[in-house]
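Working notes, structure below.
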Amino acid sequence: MFKIALSDCGKKNKNYEKFVSRIPGSSTVILSAGRGNDGELKSCDGLVLTGGKDVAPELFGDWADETVEVDSERDGFEFKLIEKSMKLGLPILGICRGIQVVNVYLGGTLILDLQKYHARKHDEVKEDVDRTHTIKVVPSSKLGKFVGRESGTVNSAHHQAVERIGKGLKLAARAEDGTVEALEGDEELTSKIVLVQWHPERMDFENPFAHGVLDLFARQMEDNQHSEKYAQWRSNNE
C-alpha cells in the first residue's frame, strides 16, 4: 500500500521500521548518506526523518558549545531528502532530530541545550530509559484531531529543541515548561508535514500520542494517493 523511506539512524532503525509497519501493507527502505540512495524517494509515498545526533549549529547561524555532537554528513543528506520530498509533494514525519532538522531547513533555529540555557530537563533518565512529561496540544491542529485530546504524557530523550519556528510551520504542541513538542506544516507547503519531539516508536502504541501520530501520517499519504492534483504534481517533478 505505502512504501516509506526512513533516514538512517544506525542500530535504532529497527524501532522505526517496526513502528511504521503498523500501517497495513506498508514497506520501508532505509536511505543513508553512505549508500547515496536518495534517488529511491521517487518510488516512495512518504519520508520519516529519525532521531540521532544534533543538527550542526552553523546551519542556523549559531556555533557549537561543549554540549553539541553533530553529524554534518547526515545533515547535508537529510537536507537533500527534505528538498526532494517537498519537490515530489511527499508527506514528511519528523521524530526527535527529525523535527529539528526540518525546522532548521525551513529557516528556524534551535536551543543548543535545554538544561544549560533554560534549566529544563528533557534528556534520558539514563541510557535507554526515557524521561516522561505532560504536553498540551493546540486543539485546532491536525495532530490534536488525530490524538483526540488536548493533553497527555509523552516520552523525552533530547537536550535540544525548536526555538524560532521555521517558515511554513506552525505550533501543534508544547510541554508545560514551554518547550516546543510538535509542529505541522501549513497549507502553503508542497508537502504535508507532522513533526514531533517525542519518540512515538518507543512508546506504548495504545497511547494516542503514539498511534495518533502514525494515523495522521498514514492519512496524509492516503490523501495523496487519492488526489489527482498530487498525481499530476509528481508526474511533473519526477
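Residue numbers for the sequence shown follow this note's numbering, so the first one is 51 and each next one is one higher. We treat Cβ as the ideally placed atom computed from N, Cα and C, and that holds for glycine.
query: Between H249, I132, I243, V120, which lies nearest to Q270 when the distance is taken from Cα to Cα?; result: I243
query: Looking only at its own chain, which residues have a Cβ that is under 7 Å from the Cβ of G218, when we skip the five neighbours before and after it?; result: L156, G235, D236, E238, L239
query: Note down, in chain order, each residue of its chain lying with its Cβ closer than 6 Å to the Cβ of N274, except the 5 sequence neighbours on either side.; result: Y280
query: Does L219 come out as helix, strand or coil in the three-state DSSP assignment?; result: strand
query: Closer than 6 Å: is that where the CB of E213 sits relative to any heavy atom of the ligand COA?; result: This structure lacks the ligand COA, and indeed carries no ligand of any kind.
query: Going by the DSSP bridge assignment, what does R181 pair with across the sheet?; result: S206
query: Could you pull out every unbroken beta strand (DSSP E) segment of at least 3 residues lying fully inside the region 129-183, listed in chain order?; result: 142-145
query: Measure from the alpha carbon of E213 to the alpha carbon of each residue in R85, P258, Y66, Q247, then state which is nearest.; result: Q247
query: Below 7 Å CB to CB, which residues in the same chain sit around H208 once its five sequence neighbours on both sides are set aside?; result: C146, H172, D173, Q247
query: Which residues in the same chain have their Cβ closer than 6 Å to the Cβ of G216, if we skip the five residues on either side of it in sequence?; result: N153, L156, G157, G158
query: On a CA-only basis, which of G84, T184, R72 is nearest E200? Give me that one, please.; result: T184
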